[in-house]
Amino acid sequence: MLVELRVESLLLIESAEMRLGEGLNVLTGETGAGKSVLAHALDLLMGSRPKPGIVRPGASEAYVEGRFVVARSFLATLPRGCAIEGLGESEDRSGELEEDGDEVMEIVVGRRVMADGRTRAYLNGRAAAVGDLRRIAGELIAFHGQHEHRRLVDVSEQLDLLDGFCGPAQQERREACAQALARVRGAQAELSRLGELQQARDRELGLLEHELAEIDALDPQPGEQARLQSERERLRQIDALRAAALTGAVELGGSEDQEMPGAARLVSAACARIDHVQGLDRELDALGQRCRTLALEAEDLAVELRRHGEQLDMEEGDLQRLEERLAEIERLCRKHGGDLEAVISYAEQARARRQELVSAEVAAGKAREHLRAAELELEEKVSALRKARTKAAPKLEAAMRAQLRSLAMPDARFEVRLTEREPTAGGADAVEFMLAPNPGVAAGPLRESASGGELSRTMLALSAIADSASAVKELRTLVFDEIDAGIGGHTARSVGERLRELAQGRQVLCITHLPQIASLARTHFSIVKDSAGGSTSATVVELAEHEVVGELVRMLGAGKDDLAATRHAEELLSAA
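For the sequence shown, my numbering assigns the number 2 to the initial residue and increments by one for each residue that follows.
Here it is in structure tokens:
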């Protein structure tokens, strides 16, 4: 229950405080006095976007705060994931009261609006996300504003209203239907993709086969291009390499005819001279050992150079064949990406793509099977939604007829028309509410058959029915912003009585311009605009019992000294 509403620097209102009670609370005032500002204050508490220029001129920010008292069991009704730090930790009221055996707690919801449009949200004095504020306040307040008339004639909104009447399981059915539809669309997209693939299959497959045949015929290996380039340079210099090896062998080992002594023989001769004096000088002995090692290495190196030089040879055509393979590799590199690794990578991708094309028909068959399975699942989900709606529609019709009878529309016929349509996330049903306000008149769509007053009463009836299905209906404050648009006289009284019935055991706040409704209130607030001193401001006051008559007289359009109007106002209060 909303026990206190505070508003500061919100357009006309410099500062206002409303202490609401149980039952029916009403807010009245002249047109333009600021009733809509208070309605917007409640909107802000529910997480709505602030209207431009809503901060009072001269103020740096506006502030709205609502203090609610609820049973602690309310926490169990919050939407999933809505865990707010500090919830229920108010020092003032938490844990002090008990109601029907259930501990009562306090929740303070606040919203600050800066002059530049930025906002901050608070829960129990702590900063909170606007989304959390919206979820919490959405469970505390059910707001039925003037825009509801437009929503009421929107067939998509009517579908939501019917589904709300089907019970909480209907939302789960809608989610399951949306998921099934997503699977159908995914399967359709996959089948379409495979169909396009099949059309281009032969042309693309032929190209891939040709390119893979070229690559497979050459069979390039990783790093082969660099190896072949090195081998090509070696073959081009084969004569110079052979000459270098053989000449080195001669210079180390000497010529075969012994006419030219090699370096190895000269080193051996030096070793022999040192050996003649071996044992006389330890340092010279060590140098002699090194000399003998050098002589052996020189002889061995000469043999190796001669052997290698004699082996340096190539068959006729070796260089040409190597040049041709390198040319083929370079051609493929230019064609497929610049280097041999790119060619090998392209070949792997081409093989995978070829396999995909070859398997396209098999995949298409599987995709058709998946699509059919998804369509059957969607039909099942659609059928479950339709079954629930078909079952709920007569109950909603009966409930609406009962509600409309209590709102001075005793002969009205309310019908729920269900027709099939293409499946959507919400099922395959189109819903339209039909109304015949008077006997002998065929029922027609609400947007065509209902007057403004009839729409107001129909909205009130639907609001009452929708709220009766709420899991927290005893906790939620019902707010009606000018629900009485387009009505008057005895009809207005009927609407007021229905509002009072709704307020039994709960809290209702109604912003109204009709004395027939205001006279039924348990708590009456009036908003008054004052333009004295060149500055306009609005003040909200709770009317004492003797002040209510004067406000009703004003609402009747009479002056305060009008005895007939005063008598009428007193009669309205007496009849309440």
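Ideal Cβ placement from N, Cα and C applies to all residues, glycine included.
- Quick one: any contact between the region 497–515 and the region 476–483, if contact means 3 or more CB pairs under 8 angstroms? Touching, per the Cβ criterion.
- Message: If contacts are defined as beta-carbon pairs under 8 angstroms, then leucine 355 and leucine 213 qualify, I think. What distance do you get, rounded to the angstrom?
- Response: The residue labelled residue 355 in the question sits at position 354 within the sequence shown. The residue labelled residue 213 in the question sits at position 212 within the sequence shown. Contrary to the premise, residue 355 reads as arginine rather than leucine in this sequence. Between arginine 355 and leucine 213 a beta carbon distance of about 7 angstroms is seen, short of the 8 angstroms cut, so the two are scored as contacting.
- Query: Between serine 16 and the rest of its own chain, which residues show a CB-CB distance below 7 angstroms, the 5 nearest in sequence each way excluded?
  - Reply: For the purposes of this step, residue 16 is identified with residue 15 of the sequence shown, where counting begins at 1. Hits under 7 angstroms: Glu9.
- Message: Measuring alpha carbon to alpha carbon, tell me which residue in Gly33, Lys392, Thr32 and Asp117 is nearest glycine 54.
- Response: Along the sequence shown, read from residue 1 onward, the residue named residue 54 stands at position 53. Taking glycine 54 as reference, the option from Gly33, Lys392, Thr32 and Asp117 with the minimal CA-CA separation is Asp117.
- Per DSSP, which one or two residues make a beta bridge with glycine 67? Within the sequence shown, residue 67 is the residue found at index 66, counting from 1. Leu6 and Val110.
- Query: On the three-pair Cβ rule with 8 angstroms, is the region 460–467 touching the region 393–412?
  - Reply: The region 460–467 vs the region 393–412: in contact.
- Task: My understanding is that leucine 341 touches proline 221, with C-beta atoms under 8 angstroms, so please give their C-beta distance in whole angstroms.
- Result: The residue labelled residue 341 in the question sits at position 340 within the sequence shown. The residue labelled residue 221 in the question sits at position 220 within the sequence shown. Confirmed, about 6 angstroms.
- Task: Reducing DSSP to helix, strand and coil, say where arginine 57 ends up.
- Result: As a first step, residue 57 is located in the sequence shown; it is residue number 56 there, counting from the start. Three-state result, arginine 57: coil.
- Item | Bridge-paired residues (DSSP) for aspartate 482 | As a first step, residue 482 is located in the sequence shown; it is residue number 481 there, counting from the start. Looking at the DSSP assignment, aspartate 482 forms a beta bridge with Ile512.
- Query: How do the region 371–378 and the region 177–193 stand: do at least 3 beta-carbon pairs fall below 8 angstroms, yes or no?
  - Reply: Yes: the two stretches touch, three or more of their Cβ pairs being nearer than 8 angstroms.
- Task: Just the C-alpha distance for leucine 313 and glycine 249, rounded to the nearest angstrom, thanks.
- Result: What you label residue 313 is simply residue 312 of the sequence shown in a count that begins at 1. What you label residue 249 is simply residue 248 of the sequence shown in a count that begins at 1. CA-CA distance, leucine 313 to glycine 249, rounds to 14 angstroms.
- Short check: CB of leucine 39 to CB of leucine 3, under 9 angstroms? Counting from 1 along the sequence shown, the entry for residue 39 is found at position 38. Counting from 1 along the sequence shown, the entry for residue 3 is found at position 2. When the beta-carbon positions are compared, leucine 39 and leucine 3 stay at least 9 angstroms from each other.
- Which two residues bound the contiguous alpha helix (DSSP H) that contains leucine 553? Locating residue 553 in the sequence shown gives position 552, where the first residue counts as 1. 546–556 is the span of the alpha helix (DSSP H), which, as asked, contains leucine 553.
- What do you get for serine 495, buried or exposed, if any count of 16 or more other CB atoms within 10 angstroms of its CB means buried? Locating residue 495 in the sequence shown gives position 494, where the first residue counts as 1. With 16 or more Cβ atoms within 10 Å of its Cβ, serine 495 is classed as buried.
- Query: With distances taken between CB atoms, is the gap from alanine 570 to glycine 551 smaller than 9 angstroms?
  - Reply: Against the sequence shown, residue 570 aligns to sequence position 569. Against the sequence shown, residue 551 aligns to sequence position 550. Yes, these two residues count as a Cβ contact at 9 angstroms.
- Message: Quick test of your reading: glutamate 421 and methionine 435, contact by CB under 8 angstroms. State the CB separation rounded to the nearest angstrom.
- Response: Your numbering for residue 421 matches position 420 in the sequence shown. Your numbering for residue 435 matches position 434 in the sequence shown. Not confirmed; about 17 angstroms, so no contact.
- Item | Rounded straight-line distance, which links the Cα of cysteine 272 to that of leucine 288 | Position 287 of the sequence shown holds residue 288. Position 271 of the sequence shown holds residue 272. Straight through space, the alpha carbons of cysteine 272 and leucine 288 are spaced by roughly 9 angstroms.
- Looking only at its own chain, which residues have a Cβ that is under 8 angstroms from the Cβ of leucine 573, when we skip the five neighbours before and after it? Numbered from 1 along the sequence shown, position 572 holds the residue referred to as residue 573. Hits under 8 angstroms: Pro516, Gln517, Ser520 and Leu553.
- Message: What residue range does the alpha helix (DSSP H) around lysine 36 cover?
- Response: On the sequence shown, position 35 is the one that residue 36 refers to. That run of the alpha helix (DSSP H) goes 36–46.
- Taking 9 angstroms as the cut-off, decide whether the C-beta atoms of alanine 431 and valine 154 are in contact. For this step, residue 431 is matched to residue 430 along the sequence shown. For this step, residue 154 is matched to residue 153 along the sequence shown. Cβ atoms of alanine 431 and valine 154: not closer than 9 angstroms.
- Query: Roughly how many angstroms lie between the CA atoms of serine 91 and arginine 119, to the nearest whole one?
  - Reply: On the sequence shown, position 90 is the one that residue 91 refers to. On the sequence shown, position 118 is the one that residue 119 refers to. Residue placement at serine 91 is poorly supported in this model, since its pLDDT is 40, which falls under 50; the coordinates are not used for a value here.
- Item | 9 angstroms Cβ cutoff, leucine 379 in contact with chain B | Annotation note: the requested chain B is absent from the structure, which comprises a single protein chain.
- Candidates Gln189, Ala493 and Gln230, of which the one nearest arginine 369 by Cα: Mapped onto the sequence shown, residue 369 falls at position 368. When only C-alpha atoms are compared, the closest one is Gln189.
- Whole angstroms is fine: what's the gap from cysteine 178's alpha carbon to leucine 379's? Here the question's residue 178 lines up with position 177 in the sequence shown. Here the question's residue 379 lines up with position 378 in the sequence shown. If I take the Cα positions, the gap works out to 6 angstroms.
- Query: Based on the DSSP secondary-structure assignment, which residues constitute the bridge partners of asparagine 26?
  - Reply: Counting from one through the sequence shown, the residue named residue 26 turns up at place 25. According to DSSP, which records beta bridges pairwise, asparagine 26 is partnered with Leu510 and Thr524.
- Backbone secondary structure at methionine 410 - three-state DSSP: Residue numbering aside, residue 410 sits at position 409 when the sequence shown is read from its first letter. Reduced to three states, the DSSP call for methionine 410 is coil.
- Query: Smallest Cα separation from arginine 352: which of Asp301, Pro446 and Glu205?
  - Reply: One-based indexing of the sequence shown puts residue 352 at position 351. Relative to arginine 352, the option among Asp301, Pro446 and Glu205 whose CA is nearest is Glu205.
- Item | Cβ-based burial, alanine 566 [other Cβ within 10 Å; buried from 16] | The residue given as residue 566 occupies position 565 in the sequence shown. Its Cβ being crowded by 16 or more others within 10 Å, alanine 566 is buried.
- Query: Is DSSP giving serine 16 helix, strand or coil here?
  - Reply: One-based indexing of the sequence shown puts residue 16 at position 15. When secondary structure is reduced to three states using DSSP, serine 16 falls in the strand class.
- Distance between alanine 451 and leucine 479 (C-alpha atoms, nearest Å): Taking the first residue of the sequence shown as 1, we reach residue 479 at position 478. Taking the first residue of the sequence shown as 1, we reach residue 451 at position 450. In a straight line, the C-alpha of leucine 479 is about 24 angstroms away from that of alanine 451.
- Task: Quick one: using the 10 Å Cβ neighbour count with 16 as the cut-off for buried, is asparagine 26 buried or exposed?
- Result: Numbered from 1 along the sequence shown, position 25 holds the residue referred to as residue 26. Classification for asparagine 26: buried.
- the region 103–117 touching the region 32–47, judged by at least three CB pairs closer than 8 angstroms: Flag = yes, the region 103–117 and the region 32–47 touch.
- Three-state secondary structure (DSSP) at glycine 118? Taking the sequence shown and counting its residues from 1, one reaches residue 118 at position 117. In the structure shown, glycine 118 sits in coil (DSSP, three-state: anything other than H, G, I, E or B).
- Query: Nearest to arginine 414 by alpha carbon, out of Leu447, Leu386, Ala426 and Glu23?
  - Reply: Here the question's residue 414 lines up with position 413 in the sequence shown. The candidate whose alpha carbon is nearest that of arginine 414 is Leu447.
- Can you pull the DSSP bridge partners for proline 446? The count along the sequence shown starts at 1 and reaches residue 446 at position 445. Answer by DSSP bridge pairing, in chain order: Met435.
- Item | Three-way DSSP call (helix, strand, coil) for arginine 73 in this model | Position 72 of the sequence shown holds residue 73. Reduced to three states, the DSSP call for arginine 73 is helix.
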